[in-house]
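Its first residue numbered 1, the sequence shown is counted upward by one per residue in our numbering.
A virtual CB, placed ideally from N, CA and C, is assigned to each residue, including glycine.
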Amino acid sequence: MLLTRTINSFYNALLSLVYPQACSLCGGSVEDRCLGVACAQCWRETRTFTTTDIICWKCGALSLGTIVPEKRDQVRCRRCDGDAFTAARACGAYEGALRASVLALKREPHISQRLVSLLVETQERAPLDKATRVIPVPLHPDREKARGFNQAAVIGSELARAVRLPFDEVSLIRTVHSERHRAGMDAKGRRETVAEAFSVRYPRLIEDEHVLVVDDVFTTGATVSACAAALMACGAKEVLVLTIARPVNY
Ligand SMILES: [Zn+2]
Ligand SMILES: [Zn+2]
């Protein structure tokens, strides 16, 4: 294992020397393939969330102020009260290297080792550590056909493999092609459009499971909340959410 890792990192370093890749943010060279589309400096400048951030324990929104560590799980923003998931977390802010990684994933079905490590770290923290099964937010089949892959499934399968959880791409399906109608819609309209968009094909597979729903970006939470509502209605014990990034409003 250690030997394989050593060989891999040697190979990656060698590849970067022979075929230097430009950082998609600053144009500098990416020192190591493990970093993906951004260089080490741009990764350092990108905000990733830690256990010391004060966040809404349910939706993961950053909150100002201070709190004693024992009460961290009592913080709520209240804006997410109506959402059907138990808790949502992101690896970091939708900026810099994380934003570049999300955009790259829309073109290529690949995520970097750096990103896999961040996903693993976030999943291993409470309350996401209770997850028993990984399910990606499904794309409508027409859209998946046009793109060639579902980016949430790429994230989900890499994470599931790294943390040794079952990866389930069959239980949850998308039934309405909602994205097309979204432009210009307010948050309420968007929520109603996605509300009927998901259904569970194999309820037996998700019964009593702590499902971890995975997507690229958490914006309003409407999409993952609709997934959670469908999963909860079919017997899931709880629905946790993990995304690469979320916009942060300071
Ligand atoms: Zn850079
Ligand atoms: Zn919240």
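Burial state of residue i, where buried means 16 or more other Cβ atoms lie within 10 Å
{"i": "residue 64", "result": "exposed"}
{"i": "residue 175", "result": "exposed"}
{"i": "residue 171", "result": "buried"}
{"i": "residue 74", "result": "exposed"}
{"i": "residue 51", "result": "exposed"}
{"i": "residue 22", "result": "exposed"}
{"i": "residue 92", "result": "buried"}
{"i": "residue 148", "result": "exposed"}
{"i": "residue 251", "result": "Nothing about residue 251 can be read from this structure; the chain reaches only from 1 to 250."}
{"i": "residue 68", "result": "exposed"}
{"i": "residue 29", "result": "exposed"}
{"i": "residue 70", "result": "exposed"}
{"i": "residue 79", "result": "exposed"}
{"i": "residue 46", "result": "buried"}
{"i": "residue 66", "result": "exposed"}
Residue from the options whose Cα sits closest to the Cα of residue i
{"i": "residue 26", "options": "243, 220, 96 and 90", "result": "96"}
{"i": "residue 37", "options": "90, 92, 52 and 115", "result": "115"}
{"i": "residue 223", "options": "55, 83 and 42", "result": "83"}
{"i": "residue 233", "options": "160, 246 and 206", "result": "206"}
{"i": "residue 219", "options": "46, 129 and 88", "result": "88"}
{"i": "residue 167", "options": "145, 197, 144 and 209", "result": "209"}
{"i": "residue 241", "options": "229, 77, 106 and 140", "result": "229"}
{"i": "residue 85", "options": "130, 226, 94 and 46", "result": "226"}
{"i": "residue 163", "options": "145, 142, 130 and 169", "result": "130"}
{"i": "residue 161", "options": "145, 80, 117 and 105", "result": "117"}
{"i": "residue 247", "options": "221, 72 and 235", "result": "221"}
{"i": "residue 198", "options": "109, 169, 231 and 214", "result": "231"}
{"i": "residue 123", "options": "102, 156, 66 and 249", "result": "156"}
{"i": "residue 77", "options": "99, 54, 98 and 103", "result": "54"}
{"i": "residue 103", "options": "48, 158, 145 and 151", "result": "151"}
{"i": "residue 249", "options": "94, 217, 201 and 213", "result": "94"}
Local conformation of residue i per DSSP, three classes
{"i": "residue 252", "result": "Limits of the chain in this structure are 1 at one end and 250 at the other, which puts residue 252 out of reach."}
{"i": "residue 89", "result": "strand"}
{"i": "residue 243", "result": "strand"}
{"i": "residue 47", "result": "coil"}
{"i": "residue 100", "result": "helix"}
{"i": "residue 22", "result": "strand"}
{"i": "residue 200", "result": "strand"}
{"i": "residue 174", "result": "strand"}
{"i": "residue 137", "result": "coil"}
{"i": "residue 64", "result": "coil"}
{"i": "residue 144", "result": "helix"}
{"i": "residue 121", "result": "helix"}
{"i": "residue 111", "result": "coil"}
{"i": "residue 54", "result": "coil"}
{"i": "residue 251", "result": "Since the first residue shown for the chain is 1 and the last is 250, residue 251 is missing from the structure and cannot be characterised."}
{"i": "residue 163", "result": "helix"}
{"i": "residue 116", "result": "helix"}
{"i": "residue 37", "result": "coil"}
{"i": "residue 30", "result": "strand"}
CB contact below 8 Å: residue i versus chain D
{"i": "residue 233", "result": "Within the model displayed, chain D is absent; a lone protein chain is all it includes."}
Residue i CB to nearest heavy atom of ligand 3 below 7 Å
{"i": "residue 58", "result": "Inclusion of ligand 3 in the displayed structure is not the case, the ligand content consisting of ligand 1 and ligand 2 alone."}
* Are at least three pairs of beta-carbons, each pair with one atom in the region 53-61 and one in the region 134-146, less than 8 Å apart? -> no
* Residues passing the C-beta test against ligand 1 heavy atoms, cut-off 5 Å -> 23, 25, 26, 28, 39 and 42
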